[in-house]
Amino acid sequence: MKDTVKEIEDTSQVEIPPTPLERVIGQDDAVKLARIAASQRRHLLLVGPPGVGKSMIAQAMSFYIPRPKQDIRVVHNPQYPERPFFEVKSSEEIAAEKSEDYLYEGQLVDPRTVPPSVAERLGYKCQKCGFYSEFTEMACPHCGSPKVQTVAPGPFGDVFNVIGAAFGVQNNQDRVTSTVKIGEREEIMIYERAGDQIRVLDQRSLEKRRKAEKKSPSKVIVPIERSGFVLATGASETELLGDVRHDPYGGHPQLGTLPYERVVAGAVHEAHEGVLFIDEITHLGNLQRSILTAMQEKTFPIMGRNPQSAGASVRVDRVPCDFVLVAACNIQDLQYILSPLRSRIVGNGYEALMNVSIKDTPENREKYLQFIAQEINVDGKVPHMSIDAANMVIEEGRRRAFVIDHKEKELTLRLREMGGLIRAAGDIAVFDSSKLVETSHIKEALKIYLPVEEKIKKTYGNLSAAVSSENTISQKAEEYFYAYNNRDRIYG
Ligand SMILES: Nc1ncnc2c1ncn2[C@@H]1O[C@H](COP(=O)(O)OP(=O)(O)OP(=O)(O)O)[C@@H](O)[C@H]1O
Ligand SMILES: [Mg+2]
24 MKDTVKEIED
34 TSQVEIPPTP
44 LERVIGQDDA
54 VKLARIAASQ
64 RRHLLLVGPP
74 GVGKSMIAQA
84 MSFYIPRPKQ
94 DIRVVHNPQY
104 PERPFFEVKS
114 SEEIAAEKSE
124 DYLYEGQLVD
134 PRTVPPSVAE
144 RLGYKCQKCG
154 FYSEFTEMAC
164 PHCGSPKVQT
174 VAPGPFGDVF
184 NVIGAAFGVQ
194 NNQDRVTSTV
204 KIGEREEIMI
214 YERAGDQIRV
224 LDQRSLEKRR
234 KAEKKSPSKV
244 IVPIERSGFV
254 LATGASETEL
264 LGDVRHDPYG
274 GHPQLGTLPY
284 ERVVAGAVHE
294 AHEGVLFIDE
304 ITHLGNLQRS
314 ILTAMQEKTF
324 PIMGRNPQSA
334 GASVRVDRVP
344 CDFVLVAACN
354 IQDLQYILSP
364 LRSRIVGNGY
374 EALMNVSIKD
384 TPENREKYLQ
394 FIAQEINVDG
404 KVPHMSIDAA
414 NMVIEEGRRR
424 AFVIDHKEKE
434 LTLRLREMGG
444 LIRAAGDIAV
454 FDSSKLVETS
464 HIKEALKIYL
474 PVEEKIKKTY
484 GNLSAAVSSE
494 NTISQKAEEY
504 FYAYNNRDRI
514 YG
């Protein structure tokens, strides 16, 4: 069948679609449902054998999900530190906060621009020769005399301290309080060391700082700058649902770390406003129940999950987790999905059965070609393929559709393995210093890249003959193996 593509000489000329869902070939139904699920925020279950594009579709969905608009924080609860609160801030509030922080942080200036006496007290200026240097230099690099008088305060020391105390700031080596005249008014100014610069805080920023100090401290556990796609495949309970870290000092106010600081979000919380993707969902076992609750409530408490840990007494209730669930599983495992979970997916979403093959038509051959070009591009280590070689890959796809799935005149969509064949042929071409992957490379790769079962069949005739002819050393060494083969003797 050479009717694939007429004008193209090799796969470098194949156009690759710009958006990730368009790069998924042969799964039109699943792709359509994924599009709907992403834009309407519905759940999605993808069912099918390995390597047909389930993860690819799930990942591509994140492209169509709007960026998160909120962050989630835990806030210290002074009355009951083990029950921190949560707080959600919108992007507008976060932006406002940032500009306030700017105010609160004051202005950074060059030490030469502040009153000389201040620069001297903070250790940026030599009192003797007037040379400016960093405060970390204890002696003036110019004249060698010591710069900072730590013991004896200067004549204005007391005055500075009185002014400082009135404003609730303690003067020390790192900070000096002073006044400046603005028009007729005298205004308080605080000067602080900030590396090779000096931070100047005026009255407004001081007030801001005082307010901030009064506010309960908080910690962002789910930042606004995050991906809208969270992969939770094979996650442990704590990774999935969050945790409160252990503190050997039990959160003792002076020695330990306060409970709110030890709270860690789970994947369900990180996926707030986005997609939570769980491949092989049945491997979660009983944790499926928690996913179910989280989906239903759209909130899930974070608590210490290790009863032996000091974190166990800490809990943050009702932390938001409004996610779209995209789950994948193999056909055989479908029965192990908890039925209430499945019913929630169906009740507010879709189930897609993945195709294992597509009809062998000229259009679908074009798609296959697109797939070959994509694999080569993504891999980045192998050259493109001549059109004859590509046709050979397509023929192999046709053969596999028949051998594996008994589909006649179809092309397999078990594409992970086809990708492996493409890379193997590419590696051989690289070894050959060939500019393109040619048919000879495909032929060689096909020999190497046979599934091991097919290799076994070639060597042993059939699989069961091979199995019965060989008992591995490790099997023989196993006690149970002895027991199994001698079970009549042992159990009577
Ligand atoms: N329909 C497809 N279109 C294009 N490429 C595909 C498709 N299916 C699989 N591939 C290729 O195979 C790779 C593996 O596919 P993917 O990880 O999506 O399989 P899966 O169905 O999630 O398998 P598993 O059940 O093992 O997790 C993809 O990264 C992609 O390169
Ligand atoms: Mg997968």
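Whatever position you read off the sequence shown (first residue = 1), add 23 for this note's numbering. Beta carbons: idealized from backbone N, C-alpha and C, even for Gly.
Length of the line joining the Cα atoms of residue i and residue j
| i | j | result |
| --- | --- | --- |
| E431 | G420 | 11 Å |
| M84 | L131 | 44 Å |
| E260 | T136 | 56 Å |
| G129 | R227 | 9 Å |
| N329 | I368 | 30 Å |
| K480 | L56 | 40 Å |
| S62 | V347 | 11 Å |
| Q23 | A81 | The question about residue 23 has no answer, for the chain in this structure spans 24 to 515. |
| S113 | H292 | 16 Å |
| F323 | R222 | 42 Å |
| A317 | K121 | 31 Å |
| V453 | E461 | 11 Å |
| V54 | I88 | 14 Å |
| M377 | G71 | 5 Å |
| P271 | E374 | 47 Å |
| K390 | A424 | 16 Å |
| V98 | R365 | 35 Å |
| L254 | R422 | 34 Å |
| D52 | I465 | 32 Å |
| I48 | D383 | 13 Å |
| G449 | E386 | 25 Å |
| Q93 | P343 | 10 Å |
| V379 | E433 | 10 Å |
| K478 | L469 | 11 Å |
| R64 | N353 | 23 Å |
| T34 | V426 | 26 Å |
| V337 | A118 | 30 Å |
| D133 | F109 | 40 Å |
| Y283 | S156 | 41 Å |
| K148 | Q220 | 12 Å |
Beta-bridge pairing of residue i - partner residues as DSSP gives them
| i | result |
| --- | --- |
| M161 | Its beta-bridge partners do not exist; DSSP assigns none. |
| M326 | R338 |
| Y155 | K148 |
| S113 | Q93 |
| R434 | Arg is not the amino acid found at residue 434; the sequence shown has Leu there. Answer is I381. |
| Y373 | L67 |
| C352 | V70 |
| V460 | M408 |
| T169 | This sequence places Pro at residue 169; Thr is not what is there. DSSP lists A162 as partners of P169. |
Local conformation of residue i per DSSP, three classes
| i | result |
| --- | --- |
| S409 | strand |
| L131 | strand |
| L67 | strand |
| D124 | helix |
| Y283 | helix |
| I368 | helix |
| I48 | coil |
| F346 | coil |
| P138 | coil |
| D455 | coil |
| P72 | coil |
| E32 | coil |
| P4 | The structure shown has nothing for residue 4, since the chain only spans 24 to 515. |
| P43 | helix |
| P107 | coil |
| V192 | Low confidence applies to V192: its pLDDT is 49, below 50, so where it sits in the model is not reliable, and the reading given next is rough at best. Of the three classes helix, strand and coil, the one that applies to V192 here is coil, per DSSP. |
| A474 | Going by the sequence as given, residue 474 is Pro instead of Ala. Three-state DSSP puts P474 in coil, outside helix and strand. |
| V37 | coil |
| L278 | coil |
| L357 | helix |
| Q393 | helix |
| G449 | helix |
Test: residue i CB closer than 7 Å to a CB of chain B
| i | result |
| --- | --- |
| F346 | Protein chains in the displayed structure number just one, and chain B is not present. |
Where in the segment 194-274 do unbroken runs of the alpha helix (DSSP H), each at least 4 residues long, occur, reported from the N-terminal end onward? 226-237 and 260-264
Could you tell me whether the segment 135-142 touches the segment 211-230, using the rule of 3 or more Cβ pairs below 8 Å? yes
Output the residue ranges of the beta strand (DSSP E) runs that lie fully inside the segment 287-321 and measure 3 residues or longer, sorted by chain position. 298-301
Using 8 Å as the cut-off, can you tell me whether the segment 39-48 makes contact with the segment 407-421, which would need three or more C-beta pairs spanning the two stretches below that distance? no
Determine, using beta-carbon pairs with one atom in the segment 304-319 and one in the segment 359-366, whether at least three such pairs fall under 8 Å. yes
Using a Cβ distance threshold of 8 Å, determine whether the segment 64-78 contacts the segment 387-401, with at least three qualifying pairs required. no
Determine, using beta-carbon pairs with one atom in the segment 244-264 and one in the segment 162-172, whether at least three such pairs fall under 8 Å. no
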